[in-house]
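The next block holds one structure in the form of structure tokens; read it before the comments.
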Amino acid sequence: VRTFNWPLDAIRTLRDDNHALMPTLSNIERGLRWLVEGVQPGDSLFFHFSGHGAQQEDPHGYEEDGMNETILPVDFMQAGMITDDHIGD
Numbered sequence: 044v045r046t047f048n049w050p051l052d053a054i055r056t057l058r059d060d061n062h063a064l065m066p067t068l069s070n071i072e073r074g075l076r077w078l079v080e081g082v083q084p085g086d087s088l089f090f091h092f093s094g095h096g097a098q099q100e101d102p103h104g105y106e107e108d109g110m111n112e113t114i115l116p117v118d119f120m121q122a123g124m125i126t127d128d129h130i131g132d
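Given below as structure tokens:
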């Protein structure tokens with residue numbers, strides 16, 4: 044933040060030690076929408092996920108190995124995983 048002089052309102056952090064900021068599927072999706080909202084050519088965006096990942100079958104057949112890479116929100120057992128395809132959309 045200090046190195047690049049990013050304003051604090053340009054950064055969103057989800058973390059598992061604050062109930063309101065938990066990295067749930069819903070909060071991660073909301074954060075991704077916020078990140079790309081109003082993006083313009085030449086903008087730089089940064090998304091970092093420090094958590095668990097997995098794979099699940101690619102239902103569309105796009106992946107060479109037949110598997111999508113996923114990230115696991117804290118509520119993935121109830122809400123599901125977030126696939127690389129979903130993040131790309």
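Heads up, the final residue of the sequence shown is numbered 132 in our numbering, and it's a clean run with no missing numbers. Idealized CB from N, CA, C, for every residue including glycine.
C-alpha of Glu107 to C-alpha of Gly96: approximately 18 Å in a straight line.
When beta bridges are read from the DSSP output, Thr126 appears opposite Thr113. For Gly85, no alpha helix (DSSP H) segment is defined, and its DSSP state is neither H nor E.
Looking at the backbone, the Cα of Leu75 and that of His103 are separated by about 23 Å. Rounded to the nearest whole angstrom, the CA to CA distance from Leu68 to Asn111 is 17 Å. When DSSP states are grouped into helix, strand and coil, Gly104 belongs to the coil group.
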